[in-house]
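Just so you know, the protein sequences line up as chains A and B, in that order. Following my numbering, the numbering of the first sequence begins with 1 at its first residue and continues without gaps. Following my numbering, the numbering of the second sequence begins with 1 at its first residue and continues without gaps. First comes the structure, then the notes that go with it.
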Amino acid sequence: MSLPLSRRSFLTRTSLLGCCAAASPLMTPLSFAAAPWESRLVVIILRGGMDGLDVVQPWGAAEYGELRGKLGPATGGGPAKGTYDLDGFFAMHSALAPLIPLWQQGELGFVHAVATPYRHKRSHFDGQDLLEAGTPNLSGVRDGWLNRMLQSLPGVEGRTAYAIGHGDLKVLSGSAAVSDWSPDSNLEMSPQAMLLAQLVMEQDPAFHAALSEALNLSANEDETDREDGAMTVPRKARGRTHIKIAEFAAEQLRGDTRVASFSINGWDTHNRQERSIKGALSGLAETILTLKQKLGSNVWNKTSIVAMTEFGRTVRLNGTGGTDHGTGGAMILAGGAVHGGRVLGRWPGLDEAALFERRDLMPTGDVRAPAAWLMRAMTGLDRNVLERVVFPGLDMETDPGIVR
Amino acid sequence: MSFTPELAEIRFGCGLSPDVAPPGDPAAMLQGLTQPDTMAQKYPITGYGSVRTRIVTVKKLRRQHRKKQIDRKQLVTQLKNLRQAANKEGAIGFTRGLQRWVKTEHGFFERLVAFWGDHFTAMGKNNFMKNAPVAYIEEAIRPNITGQFADLLIATTTHPLMLHFLDQAKSVGPGSKVAARSKRLKGLNENLAREVMELHTLGVGGPYSQGDVRQLAELFTGMNLTADITFRFRADFAEPGRETVLGRSYGGDPAKLEPVLQSLRDLAVHPATARHIARKLAVHFVSDNPDPDLVQHIEAVFNDTAGNLLAISGALLEHPASWEPRLGNVKPPFDFIASATRALAPDQARFDQIGYRVMNRLMLAPLDLMGQPWNRPGGPDGWNEQDEAWITPQGVSARLRWALSVPQKLRPRLPDPDRFVTTTLGSYATQPVIFAARTAESRSDAIGLVLAAPAFQRR
């Protein structure tokens, strides 16, 4: 643009543009390229250690009622008390009831008694790091497995994968380009402040492109973040952020994005689990249903969702009606591309001798293996690459046929 | 390309301030590194002892709970109180660190502390160690940034937080006495040994093999922690025999600390270390793609002085490539908000009264949104040095929103925008910024737009 500016020429431009930032000729939208493959993968990191035994309840096991009955009807009572019988042995927690239609259509499945290679220490920090690293240990690890998948595939660019929400999503960090955004990062400014912000950044291409993209991504929002005409201090949105995240993910996945990842917190149920796990499970169910609804049937049918957690929880309850950090847990699979309606995995049993260190569900499978089969089916990635690069040291074993 | 006070403060200091004059020449900048640390005296930060005491208390409470001397409810309440105290202490540490940035006359000193704190990144992996990096930087880094690199390396490698963070406390020699009798402590953990070579000294392309990592890990096995989280060399944890690292033999029986320290001293003066550190300094302070001649100059001084950090810092300042007038590197989020606060120069008494909850809302939460959660870099390699890591849509959005909203909370009577452009950007003020400051609808928008300008976000 030509300098010096005059207030008048600037205001002329302001009025011409009105308030629609997305239409501004000052913007240089990022280029879109054809995505390298068609299937969609959503990876949800369940932070805090989800109690697999409460989500997919082995109510057919003789010990279960004794161990977990105190958690109340939503948990220990069996299908007669409101949980949903999956297959005569496992039942689904009642807070996941909104997902029953998906189960019936074969679009929801579970893998039980799985874990990362993490053992003995049960720290959230190390457990989550290892889950996202996808490696046998943390020594020298610099990137996440989902990023290594992207590194291993041709035609990947910035838009191919989206890290959504705040906080570090290590599973997607690494040398492959990844986009990030959080729906509560929306820039809601007065039209004039917006134009002036573009103006001060105009001569710096990197800043200008990032700002333009931020304004683009904010453009669909109608809620305002301003009070009395003033910008409010940026803060993380509270409340039903998972819905907004799912909506945003779906919007991107309908376009050129092929991989989306985000976190759902709230699984660290040390106290009064009967109450505390409900919110987390309802949030997860709403997230999956929002994805399904917003993706539309065409894209939904190409989509696999995998939800995984850093570890399971103790088999026995603690003194405050909750469970403590454990080892083996469950992973959740959903999506129109998933061959669900089944609880996969090798069930280890609940009698004390069968437990890990006599306290946790014994992990009989590696949580990375189903994720690897999923990636193989969705992107055609070579098994050798999956077992050496994406998940070093993993034995994928036999194909469980997770994808239709 | 030569020194100017303005560029010195922007690129190597904490940013221009309306209250504090920038350094007059490079000699003054170097002198500032060896002055008594008045900022630390004025804005004190609680030491590691306080973290340690809290963890000892936590262990005691858990023991009492196991022995049924207290019930779970008492345990939960007391842990919650301790966690709150830890968080409060952390937030106060953050505030004090920020105050130092705002007030200091020796900005280069604060910048070097941050640089070395990041180079030797260590994090807490549980609730009670979470804020320990503040104390670690205060005690292991801050007093050691003008001495020999070897001493800085030893201070950080033997600090309890580092031993905790990189799993050294879990590492025992497979042939050690303790491995023979313990069910839990069985094997080697290479984490610290690997990062010392890859990140702290030789660099990722350095001349070491997996065998060297393994040998160094075996040599390190005696370094451990006591039950009250203090450093202790424990000979019964150490792998028996000698170890060979980079062709040199160390240790023997009985195991002692001295050979471990000698291996660190040798790594500290290795030519690969000189190259690695020289490049990292040039990248951090000058450009993502620094002039190779600048890197070679720092490297040569490193080698000539066996890693004297005062001389190395001087080498960085004396090379003409360091004074390229065009601003390049993007400030990471903390540096952005801290230099913005310095430019705003909030009233001292008012600033001191900001409680830790408000500080959380105005500073710590926005740092999360900008992609730099305080004390929680992604891993032991610290924060990303590349500009692209920070200029993302999400990051730029959070910076802009912060710039438009927080200054008026720090300083309700905002400065005159025209004057603010001059005191904040000096000769780096561009036409569009001057125009924006005059045209904005409100004073808070004007101030925000100045701070959002690339001329302020780069250095």
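Glycine included, C-beta positions come from ideal geometry on N, C-alpha and C.
Exercise. Write down every uninterrupted run of the alpha helix (DSSP H) in the region 36-96 of chain A whose length is 4 residues or greater and which is fully enclosed by it, in chain order.
Key: 52-55, 64-68
Quiz item: Would you say residue 218 of chain B faces chain A, with C-beta separation under 8 angstroms as the test?
Solution: no
Quiz prompt | Exposed unless 16 or more other CB atoms sit within 10 angstroms - verdict on residue 230 of chain B | solution = exposed
Quiz item: Looking only at DSSP bridge pairs, what is residue 99 of chain B linked to?
Solution: Paired residue(s): none; residue 99 of chain B is not in a bridge.
Quiz item: Taking C-beta to C-beta, are residue 186 of chain A and residue 212 of chain A nearer than 8 angstroms?
Solution: no
Quiz item: Does any C-beta atom of chain B lie closer than 8 angstroms to the C-beta of residue 354 of chain A?
Solution: no
Quiz prompt | Counterpart residues of residue 180 of chain A in DSSP-defined beta bridges | solution = A:163
Quiz prompt | One or two residues paired with residue 496 of chain B in a DSSP bridge | solution = One cannot answer for residue 496 of chain B here, as it falls past the ends of chain B, which runs 1 to 459.
Quiz item: How would you label residue 120 of chain A, buried or exposed, when you count the other beta carbons within 10 angstroms and need 16 or more for buried?
Solution: exposed
Practice problem: Starting from residue 181 of chain A, find everything on chain B with Cβ-Cβ shorter than 7 angstroms and list it in chain order. | Solution: 393, 394
Exercise. Please check if any C-beta of chain A sits within less than 8 angstroms of the C-beta of residue 379 of chain B.
Key: yes
Self-check item: Residues that DSSP places opposite residue 458 of chain B in a beta bridge
Solution: B:330
Exercise. Could you give the DSSP three-state label for residue 20 of chain B: helix, strand or coil?
Key: coil
Quiz item: In terms of alpha-carbon separation, which member of B:106, B:371, B:153, B:27 lies closest to residue 196 of chain B?
Solution: B:153
Quiz item: Taking the DSSP output, what are the residues bridged to residue 409 of chain A?
Solution: Only positions 1 to 404 of chain A appear in this structure, which leaves residue 409 of chain A out of reach.
Quiz item: Where does residue 308 of chain A sit, in a helix, a strand or coil, going by DSSP?
Solution: strand
Quiz item: Where does residue 53 of chain B land, buried or exposed, given buried means 16+ other C-beta within 10 angstroms?
Solution: exposed
Quiz item: Run through DSSP, which three-state label would residue 274 of chain B get?
Solution: helix
Quiz item: In terms of residue numbering, what span does the beta strand (DSSP E) encompassing residue 115 of chain A cover?
Solution: 108-115
Quiz item: Does any CB atom of chain B fall closer than 8 angstroms to the CB of residue 405 of chain A?
Solution: Here chain A comprises residues numbered 1 to 404, so residue 405 of chain A is not present and cannot be evaluated.
Quiz item: Does residue 235 of chain A come within less than 8 angstroms of chain B when only Cβ atoms are used?
Solution: yes
Practice problem: Could you name the residues of chain A that residue 212 of chain B contacts, counting a contact when the two beta carbons are closer than 9 angstroms? | Solution: Within 9 angstroms Cβ-Cβ: nothing; residue 212 of chain B doesn't reach chain A, min ~13 angstroms.
Quiz item: Which of the three DSSP states, helix, strand or coil, is assigned to residue 16 of chain A?
Solution: A caution first: residue 16 of chain A carries a pLDDT of 42, below 50, which makes its placement in the model unreliable, though a value can still be read off. Of the three classes helix, strand and coil, the one that applies to residue 16 of chain A here is helix, per DSSP.
Quiz prompt | Exposed unless 16 or more other CB atoms sit within 10 angstroms - verdict on residue 290 of chain B | solution = buried
Quiz prompt | Where residue 204 of chain A meets chain B, residues with beta-carbon distance less than 7 angstroms | solution = 454
Quiz item: Closer than 8 angstroms, CB to CB, is residue 213 of chain A near chain B or not?
Solution: yes
Exercise. For residue 418 of chain B, return the contacting residues in chain A, with the cut-off set at a CB-CB distance below 7 angstroms.
Key: Ordered by position in chain A, no residue passes the 7 angstroms Cβ test against residue 418 of chain B, which lies about 14 angstroms from the chain.
Practice problem: Determine, using beta carbons only, whether residue 177 of chain A and residue 158 of chain A come nearer to each other than 8 angstroms. | Solution: yes
Practice problem: Could you name the residues of the same chain whose beta carbon sits closer than 6 angstroms to that of residue 320 of chain B, not counting the 5 residues immediately before and after it, in chain order? | Solution: 1
Quiz item: Does residue 151 of chain A get closer than 8 angstroms to chain B when you measure Cβ to Cβ?
Solution: no
Quiz item: Given residue 459 of chain B, which residues of its chain have a CB within under 7 angstroms of its CB, disregarding the five upstream and five downstream residues?
Solution: 10, 11, 327, 329, 331
Practice problem: Could you tell me whether any Cβ in chain B is nearer than 8 angstroms to the Cβ of residue 201 of chain A? | Solution: yes
Quiz item: Whose CA, out of A:323, A:282, A:249, A:316, lies closest to the CA of residue 272 of chain A?
Solution: A:323
Quiz item: By Cβ distance below 7 angstroms, which residues in the same chain neighbour residue 370 of chain B in space, the five residues on each side in sequence not counted?
Solution: 333, 395, 398, 399
Quiz item: Quick one: which chain B residues come within Cβ less than 7 angstroms of residue 358 of chain A?
Solution: Those within 7 angstroms of residue 358 of chain A in chain B number zero; the least Cβ separation is about 13 angstroms.
Quiz item: Along chain D, which residues have their Cβ under 8 angstroms away from the Cβ of residue 369 of chain B?
Solution: The structure shown contains no chain D; the protein chains it does contain are A and B.
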